[in-house]
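Undergrad:
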Amino acid sequence: MPTYEVGYFVGSLSSTSLNRTLSKALIRLAPKDLGFTEIPIGNLPLYSPDFDADYPAEPRALKEAIARSQAVLFVTPEYNRSIPGALKNAIDWGSRPWGTNAFARKPTGIAGASIGKIGTAVMQSSMRSVLSFLDAPQLNAPEVYVQVEAGTFADDGTLLDDDLAQFLRHYMAEYCAFVQRVLAANAPGHIGDPDAMPVA
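The letter at position 9 of the sequence shown is residue 56 when you use our numbering, and the numbering goes up by one with no holes.
Printed below as a string of structure tokens:
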């Protein structure tokens, strides 16, 4: 049985998503200590504070899935040099209303694939700013910016590039070690725990 449960997001809604293919490769290469469950984002309505008093079913399920996860992994493309709208919408749902941020203190990782040479680097920079505000610890290095070319993946999604496979295996080992470190440090009584907050 896996020791740590990772909820993962695929930031693309495309049926032929390169990043869904990358997510499957990452899962196959991950240490056995990690178990993975996708947190779907395709059926979420657009976030509005009007829903804060009574969340619809889909966003409620999203927040519950994040809460069940001990760690979070984002595998996502870059749209217009930033975070895809569907993923940003999911992050907004998961972090609201104020005081119920489901991402707080969850160890996180970011990976992305693109046919472009920068391989999602600018999007990841934006994501790191958002995750910092959400108090979600991040694995800062190594970084995964995958440029997908002919011969990177087979038609069935099998990773064909041995050097890339070795690097991604290393990344997932580092991510696993990071999850262990963060969760070991995240003991009850830390500042931010509900029962540790000062009484006004």
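Backbone N, C-alpha and C define an ideal beta-carbon position, used for all residues, glycine too.
Going along the chain, which residues of its own chain have a beta-carbon closer than 8 angstroms to the beta-carbon of residue 179, five neighbours each way excluded?
TA: To locate residue 179, count along the sequence shown from 1; it is residue 132. For residue 179, where only same-chain residues beyond five positions count, the Cβ hits under 8 angstroms are 185.
Undergrad: Residues in the same chain with beta-carbon distance under 6 angstroms from residue 204, minus the five sequence neighbours each way, listed in chain order, please.
TA: Taking the sequence shown and counting its residues from 1, the one referred to as residue 204 is at position 157. Within the same chain, residue 204 has close Cβ partners 68, 71.
Undergrad: DSSP three-state call for residue 239: helix, strand or coil?
TA: Locating residue 239 in the sequence shown gives position 192, where the first residue counts as 1. Because residue 239 sits at a pLDDT of 46, beneath the cut-off of 50, its placement in the model cannot be relied upon, and the point is left open.
Undergrad: Using a Cβ-Cβ cut-off of 6 angstroms (strictly less than) and excluding sequence neighbours within five positions of residue 240, which residues of its own chain qualify?
TA: By 1-based counting over the sequence shown, the position of residue 240 is 193. Any reading at residue 240 must be qualified, since the residue scores a pLDDT of 49, below 50, and its modelled position is unreliable; the value itself is stated next. Excluding residues within five positions, none has a Cβ falling inside 6 angstroms.
Undergrad: Does the beta-carbon distance from residue 105 to residue 91 come in below 8 angstroms?
TA: Indexing the sequence shown from 1 puts residue 105 at position 58. Indexing the sequence shown from 1 puts residue 91 at position 44. Result yes, Cβ atoms of residue 105 and residue 91 sit closer than 8 angstroms.
Undergrad: Rounded C-beta distance between residue 122 and residue 55? I'm assuming under 8 angstroms.
TA: Taking the first residue of the sequence shown as position 1, residue 122 is located at position 75. Taking the first residue of the sequence shown as position 1, residue 55 is located at position 8. That belief holds up - the Cβ atoms of residue 122 and residue 55 are roughly 6 angstroms apart, short of 8 angstroms.
Undergrad: Can you tell me whether residue 137 is buried or exposed? The criterion is at least 16 other CB atoms within 10 Å of its CB, across all chains shown.
TA: Counting from 1 along the sequence shown, the entry for residue 137 is found at position 90. Buried, because 16 or more other Cβ atoms sit within 10 Å of the Cβ of residue 137.
Undergrad: Is there contact here, the stretch 75 to 88 with the stretch 187 to 200, by at least three beta-carbon pairs under 8 angstroms?
TA: No, they do not touch.
Undergrad: Whole angstroms is fine: what's the gap from residue 201's alpha carbon to residue 108's?
TA: As a working mapping, residue 201 is identified with position 154 in the sequence shown. As a working mapping, residue 108 is identified with position 61 in the sequence shown. Rounded to the nearest angstrom, the two C-alpha atoms are 34 angstroms apart.
Undergrad: Specify whether the stretch 153 to 162 and the stretch 116 to 130 touch according to this definition: at least 3 beta carbon pairs, one from each stretch, less than 8 angstroms apart.
TA: Output reads yes: the stretch 116 to 130 touches the stretch 153 to 162.
Undergrad: Ordered along the chain, which non-local residues of its own chain (more than five positions away) have a Cβ less than 8 angstroms from that of residue 113?
TA: Position 66 of the sequence shown, counted from the first residue, corresponds to residue 113. Same-chain partners within the cutoff: 54, 86, 119, 141, 149, 150, 153.
Undergrad: When burial is assigned at 16 or more other CB atoms within 10 Å of the CB, is residue 127 buried or exposed?
TA: Reading the sequence shown from its first residue, position 80 is the one you call residue 127. So residue 127 counts as exposed.
Undergrad: Would you mind working out which of 206, 214, 216, 146 sits nearest residue 182, comparing C-alpha positions?
TA: Position 135 of the sequence shown, counted from the start, is the residue given in the question as residue 182. When each option's Cα is compared against that of residue 182, the closest is 146.
Undergrad: In the DSSP output, what is residue 206 paired with across the bridge?
TA: For this step, residue 206 is matched to residue 159 along the sequence shown. Its beta-bridge partners are 200.
Undergrad: By the DSSP assignment, the beta strand (DSSP E) with residue 85 in it spans what residues?
TA: Within the sequence shown, numbered from 1, the residue matching residue 85 stands at position 38. Counting along the chain, the beta strand (DSSP E) containing residue 85 begins and ends at 81 to 85.
Undergrad: Taking the alpha helix (DSSP H) that residue 105 falls in, what are its first and last residues?
TA: The residue labelled residue 105 in the question sits at position 58 within the sequence shown. First-last of the alpha helix (DSSP H) with residue 105: 104 to 115.
Undergrad: Check whether the stretch 162 to 176 and the stretch 206 to 217 touch, using three or more Cβ-Cβ pairs below 8 angstroms as the test.
TA: Touching, no, given that fewer than three Cβ pairs across the two stretches are closer than 8 angstroms.
Undergrad: For residue 168, which residues of its own chain have a beta-carbon under 7 angstroms away from its beta-carbon, when the five flanking residues on both sides are left out?
TA: Counting from 1 along the sequence shown, the entry for residue 168 is found at position 121. So the list reads 192, once near-sequence residues are dropped.
Undergrad: Can you have a look at residue 134 and say buried or exposed, based on whether 16 or more other CB atoms are within 10 angstroms of its CB?
TA: Counting from 1 along the sequence shown, the entry for residue 134 is found at position 87. Answer is buried; the Cβ neighbour count reaches 16.
Undergrad: Quick one: residues in its chain with C-beta nearer than 8 angstroms to the C-beta of residue 211, no 5 flanking neighbours on either side, listed in chain order?
TA: Against the sequence shown, residue 211 aligns to sequence position 164. So the qualifying residues of the chain are 193, 199.
Undergrad: Excluding the 5 residues flanking residue 143 on each side, which residues of the same chain have their C-beta closer than 8 angstroms to its C-beta?
TA: Numbered from its first residue, the sequence shown carries residue 143 at position 96. 94, 96, 99.
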